[in-house]
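Using our numbering, the first residue of the sequence shown is number 2, and each one after it goes up by one.
Ideal placement from N, C-alpha and C gives every residue a C-beta, glycine not left out.
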Amino acid sequence: MSGDLLVTGIGHLVTNAAGRGDPAVIADAAVAVAGGAVAWVGPAAALPARHRGLPVLDAGGRAVIPGFVDAHTHAVFTGDRSGEFARRLRGETYEEILAAGGGIHATVAAVRAAPFDDLVAESAARLRRMLGQGTTTVEVKSGYGLDTATEAAMLRAAAAAGEAAGVDVLPTFLGAHVVDRGADREEYVRLVIDEMLPACAPSARFCDVFCDRGAFTVDEARRILEAGAAHGLRPRIHAEQLAHTGAALLAADLSAASADHLDHATPEDAAALAAAGTAAVLLPAVALSMRHPQPPARMLWDAGVTVALATDCNPGTGYVESMPFVVALACLEAGLTPEEALWAATRGGALSLGLSDRGWLVPGAVADLVVLDAPSYLHLPYRPGTGLVHTVVTRGEVAVGA
Ligand code: NIG
Ligand code: FE
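Listed below in structure tokens is the structure:
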């Protein structure tokens with residue numbers, strides 16, 4: 002049957018079956034998959050007879066981890082902002098470029114001009130590269146449309162690109178990315194609430210707002226996120242990235258699924274997020290690309306927050322597709338241990354998306370897993386920038402590799 006598989010020869014299997022930050026490794030393990038879901042996990046020597054006839058994938062002593070869950074991306078886009086990146090390296094700031102009509106506005110112009118099929122094809126190619134790096138579930142935001150038709154088209158493009166690439170896509174409506182060029186702020190907020198949300202909510206699972214200096218205020222974000230919730234969309238928030246504005250406390254107050262970035266988060270913010278059960282989605286590759294200090298990952302983790310790691314793959318603040326690279330950065334620059342970082346990049350991401358069925362390898366979970374070309378998950382932070390993904394399995398089918 003399709004989606005039936007027996008993965009054997011696993012030197013070290015990361016199951017994430019225990020608590021936060023505990024990889025719960027099984028040595029010399031096997032994973033039996035039936036109908037795309039994990040049926041059994043344990044030491045190979047204890048494999049029940051009923052699973053012995055399945056088609057075999059021999060990991061050859063390599064390590065196996067759950068598929069990465071990239072919980073924050075803007076992976077649907079077109080256009081080239083490498084010139085703007087070079088200007089940032091020469092000293093212009095992101096906010097100056099945005100205020101002058103570049104930045105997000107440049108991508109908006111490119112997305113509006115692109116034929117739908119081209120947007121899907123380019124985005125699917127991006128998602129396939131992410132899959133090749135071990136990412137099996139991706140959250141994808143709109144936000145480069147800033148008009149109702151293009152925002153709705155972006156969400157359709159995200160779904161179509163995920164389908165074409167063989168990656169599970171969770172779509173997020175981000176009509177409130179920035180105020181459209183030339184638009185009146187209050188009129189734009191009303192457009193988001195009164196027109197975009199009703200049109201886009203059926204194609205989205207979450208509603209996000211870029212709540213920051215130069216984008217939307219906390220009051221505007223609250224109105225938009227409450228309207229999104231009324232349409233059945235759980236809030237996620239771009240919070241405390243460029244400045245401390247109070248967005249993290251708003252996230253906690255709304256019981257948002259996640260507060261993302263959090264570069265300027267305080268211990269008070271962390272305590273509120275932990276109490277609200279709002280996940281912190283940290284984006285170390287953005288801090289790197291922006292040449293900003295890293296988010297306070299250690300402080301958030303120690304406050305008991307559910308921490309997730311994500312790429313934030315986008316054409317402006319960090320065009321990074323690789324979760325292994327993000328795991329390495331989280332350890333080397335943001336102060337997480339390898340166990341914490343790996344958990345945050347898999348189980349933490351899943352929990353931040355409200356998905357209980359992935360990010361771990363336990364009976365009943367979706368059989369998304371990665372065979373590393375290494376004997377241990379420790380090689381992810383130990384060898385940054387090295388292609389360590391050997392084979393990717395999605396729903397019990399080999400999607401990448403032999
Ligand atoms: O997460 N902060 C807002 N949105 C993206 C950047 C988008 C862009 O520059 O195109 C981010 O950093
Ligand atoms: Fe983002």
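Any non-hydrogen atom of the ligand FE within 7 angstroms of residue i CB
i: H239; result: yes
i: N17; result: no
i: H75; result: yes
i: D313; result: yes
Beta-bridge pairing of residue i - partner residues as DSSP gives them
i: G350; result: Bridge partners of G350: none, in fact.
i: L373; result: V390
i: S432; result: This structure cannot speak to residue 432, because the chain is shown only from 2 to 403.
i: I225; result: Beta-bridge pairing links I225 to no other residue.
i: W41; result: A33
i: D71; result: V139
i: T9; result: D59
Cβ neighbour criterion (16 or more within 10 Å) applied to residue i
i: V57; result: exposed
i: L90; result: exposed
i: S256; result: exposed
i: S290; result: buried
i: R359; result: buried
i: A101; result: exposed
i: R237; result: buried
i: D220; result: exposed
i: G1; result: Any property of residue 1 remains undetermined from this structure, which presents the chain solely from 2 to 403.
i: A231; result: exposed
i: E269; result: exposed
Closer than 7 angstroms: residue i CB and nearest the ligand NIG heavy atom
i: T318; result: yes
i: F207; result: no
i: G104; result: yes
i: F211; result: yes
i: H178; result: yes
i: Q242; result: yes
i: V287; result: yes
i: T151; result: no
i: T108; result: yes
Cβ of residue i within 8 angstroms of any chain C Cβ
i: H75; result: Chain labels in this structure do not include chain C; a single protein chain is all it has.
Whole-angstrom C-beta distance between residue j and residue i, which should lie under 8 angstroms
i: G317; j: G104; result: 6 angstroms
i: G215; j: E96; result: 5 angstroms
i: L263; j: E241; result: 5 angstroms
i: D71; j: T136; result: 5 angstroms
(request) Determine contact between the stretch 13-26 and the stretch 336-354, defined as no fewer than three beta-carbon pairs at a distance below 8 angstroms. (result) yes
(request) Could you say if the stretch 269-281 and the stretch 298-317 meet the contact criterion of at least three C-beta pairs nearer than 8 angstroms? (result) By the criterion of at least three beta-carbon pairs nearer than 8 angstroms, the stretch 269-281 is in contact with the stretch 298-317.
(message) Quick check: the stretch 144-159 against the stretch 179-199, are at least 3 beta-carbon pairs closer than 8 angstroms?
(response) By the Cβ test, the stretch 179-199 is in contact with the stretch 144-159, since at least three Cβ pairs between them sit closer than 8 angstroms.
(message) Measuring CB atoms only, is the stretch 28-41 touching the stretch 7-19, in the sense that at least three cross pairs come out at less than 8 angstroms?
(response) yes
(message) For the stretch 36-55 against the stretch 324-334, do three or more pairs of beta-carbon atoms, one drawn from each stretch, fall closer than 8 angstroms, so that the two count as touching?
(response) no
(message) I'd like to know if the stretch 184-191 and the stretch 107-117 are in contact, where contact means that at least 3 CB-CB pairs between them fall below 8 angstroms.
(response) Touching, no.
(message) I'd like to know if the stretch 364-383 and the stretch 63-81 are in contact, where contact means that at least 3 CB-CB pairs between them fall below 8 angstroms.
(response) yes
(message) Taking 8 angstroms as the cut-off, does the stretch 36-44 touch the stretch 265-280 (at least 3 CB pairs, one atom from each stretch)?
(response) no
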